[in-house]
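Q:
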Amino acid sequence: MVSKTPSRIIFASSELSADMFYATRFSVPDPFLFLEQNGRKTIVLSDLEVDRGRSEAAVDEVVSLSALEKTLEKKLKTKPSVGQTLASFVRGRRVRKALVPANFPLELAVTFNQHGIELEPRSGLFWPAREFKTAAELKALRNAIRITEIGLARAYEVLRASEIGPGRRLVWAGQKLTSERLRAEIDCAILRA
Numbered sequence: 020m021v022s023k024t025p026s027r028i029i030f031a032s033s034e035l036s037a038d039m040f041y042a043t044r045f046s047v048p049d050p051f052l053f054l055e056q057n058g059r060k061t062i063v064l065s066d067l068e069v070d071r072g073r074s075e076a077a078v079d080e081v082v083s084l085s086a087l088e089k090t091l092e093k094k095l096k097t098k099p100s101v102g103q104t105l106a107s108f109v110r111g112r113r114v115r116k117a118l119v120p121a122n123f124p125l126e127l128a129v130t131f132n133q134h135g136i137e138l139e140p141r142s143g144l145f146w147p148a149r150e151f152k153t154a155a156e157l158k159a160l161r162n163a164i165r166i167t168e169i170g171l172a173r174a175y176e177v178l179r180a181s182e183i184g185p186g187r188r189l190v191w192a193g194q195k196l197t198s199e200r201l202r203a204e205i206d207c208a209i210l211r212a
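Number 140 in my numbering belongs to position 121 of the sequence shown; there are no gaps in the numbering.
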């Protein structure tokens, strides 16, 4: 007997959620819905992000939130909430039970439950495969560490060359060394790396 892979749902900003970014490879500042069902990945985006999502996201389908809202509004004869819209969409995909990250929004979870969708929170790694890095991910990590080391080395150089001046303030290159100046030196070194 073949075991069915459980559906997975995330509602988060991919700029703040490593799980969402891992699932979609798409960077968005605002929260959006991700649904994985039977290996098929779908995201629901605002109109501002739909076109970019279609060209950049590593998913099978991109759906417009406003299109879903309009369809549901006709049915309800009133403007639905985002939660109602998303729950109706997921329910329409015949999802009855899904795994969600432990930080899934409570209000949205309640709305999904009211629509007959049982959510099972997962603590720890939502995507166990994230624990193991691909060759490309390892290369990117090594590069990030190398660049970070260059920035820290510059900070060390500036601090070593600084002296304690009047008022017990650090002076570097004849001027007061502020955190902003030090950060600018670090940033410049990183940009040159």
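Ideal Cβ positions, reconstructed from N, Cα and C, are used throughout, including at glycine.
Checking 8 angstroms against the spacing of the C-beta atoms, do F45 and G72 come in under that value?
A: Along the sequence shown, one-based indexing puts residue 45 at 26. Along the sequence shown, one-based indexing puts residue 72 at 53. Yes.
Q: On the DSSP letters alone, give me the boundaries of the alpha helix (DSSP H) that R179 sits inside.
A: As a working note, residue 179 is residue 160 in the sequence shown. Looking at the DSSP string, the run of the alpha helix (DSSP H) that includes R179 is A154 to A180.
Q: Apart from the five residues on each side of it in sequence, which residues of its chain come closer than 6 angstroms, Cβ to Cβ, to E139?
A: The sequence position of residue 139 within the sequence shown is 120, counting from 1. The answer, listed in chain order, is L118.
Q: Give the straight-line distance between the Cα atoms of K94 and N162, rounded to the nearest whole angstrom.
A: Within the sequence shown, residue 94 is the residue found at index 75, counting from 1. Within the sequence shown, residue 162 is the residue found at index 143, counting from 1. Spanning the two alpha carbons is a distance of roughly 52 angstroms.
Q: Do L127 and G111 have their CB atoms nearer than 8 angstroms?
A: Within the sequence shown, the letter at position 108 stands for residue 127. Within the sequence shown, the letter at position 92 stands for residue 111. No, these two residues do not count as a Cβ contact at 8 angstroms.
Q: If you draw a straight line from the C-alpha of S22 to the C-alpha of R211, how long is it?
A: Mapped onto the sequence shown, residue 22 falls at position 3. Mapped onto the sequence shown, residue 211 falls at position 192. Per-residue confidence for S22 stands at a pLDDT of 45, beneath the threshold of 50, marking its modelled position as unreliable; the derived number appears in the next sentence. Going by the C-alpha atoms only, they are around 52 angstroms apart.
Q: Three-state secondary structure (DSSP) at T197?
A: Translated into positions along the sequence shown, residue 197 becomes position 178. In the structure shown, T197 sits in coil (DSSP, three-state: anything other than H, G, I, E or B).
Q: Between the region 32 to 49 and the region 71 to 91, do three or more beta carbon pairs fall short of 8 angstroms?
A: As far as the Cβ criterion goes, the region 32 to 49 touches the region 71 to 91, which means the pair count is three or higher.
Q: Is L144 closer than 8 angstroms to E150 when the C-beta atoms are compared?
A: Numbered from its first residue, the sequence shown carries residue 150 at position 131. Numbered from its first residue, the sequence shown carries residue 144 at position 125. The answer is yes: Cβ separation under 8 angstroms.
Q: Just to confirm, are R217 and I205 a CB contact at a threshold of 8 angstroms?
A: No answer is possible for residue 217: it lies beyond the span of the chain, which begins at 20 and ends at 212.
Q: Give the straight-line distance between the Cα atoms of M20 and R202, rounded to the nearest whole angstrom.
A: Indexing the sequence shown from 1 puts residue 20 at position 1. Indexing the sequence shown from 1 puts residue 202 at position 183. Since pLDDT at M20 reaches only 41, below the 50 mark, its modelled position is unreliable, and no value is offered.
Q: What is the rounded straight-line gap between the Cα of T24 and the Cα of G58?
A: Position 5 of the sequence shown holds residue 24. Position 39 of the sequence shown holds residue 58. Whole-angstrom Cα-Cα distance: 8 angstroms.
Q: Quick one: what's got a C-beta closer than 6 angstroms to V189's C-beta in the same chain, skipping five residues either side?
A: Locating residue 189 in the sequence shown gives position 170, where the first residue counts as 1. For the record, residue 189 in the displayed sequence is Leu; it is not Val. If we look at L189 and ignore the five residues flanking it on each side, its Cβ neighbours are S181 and L196.
Q: Tell me the start and end of each unbroken alpha helix (DSSP H) in the region 52 to 99 that is at least 4 residues and wholly inside, in chain order.
A: Runs found: 66 to 75 and 84 to 95.
Q: Going by C-alpha to C-alpha distance, which of Y41, S107, S100 and R115 sits closest to Q56?
A: The residue labelled residue 56 in the question sits at position 37 within the sequence shown. The candidate whose alpha carbon is nearest that of Q56 is R115.
Q: Residues bridged to K116 by DSSP?
A: For this step, residue 116 is matched to residue 97 along the sequence shown. Per DSSP, E137.
Q: With DSSP as the reference, identify every bridge partner of V47, one or two as the case may be.
A: Taking the first residue of the sequence shown as 1, we reach residue 47 at position 28. None; V47 has no bridge partner.
Q: Quick one: using the 10 Å Cβ neighbour count with 16 as the cut-off for buried, is L87 buried or exposed?
A: Along the sequence shown, one-based indexing puts residue 87 at 68. Counting Cβ neighbours within 10 Å, L87 comes out buried, since at least 16 surround it.
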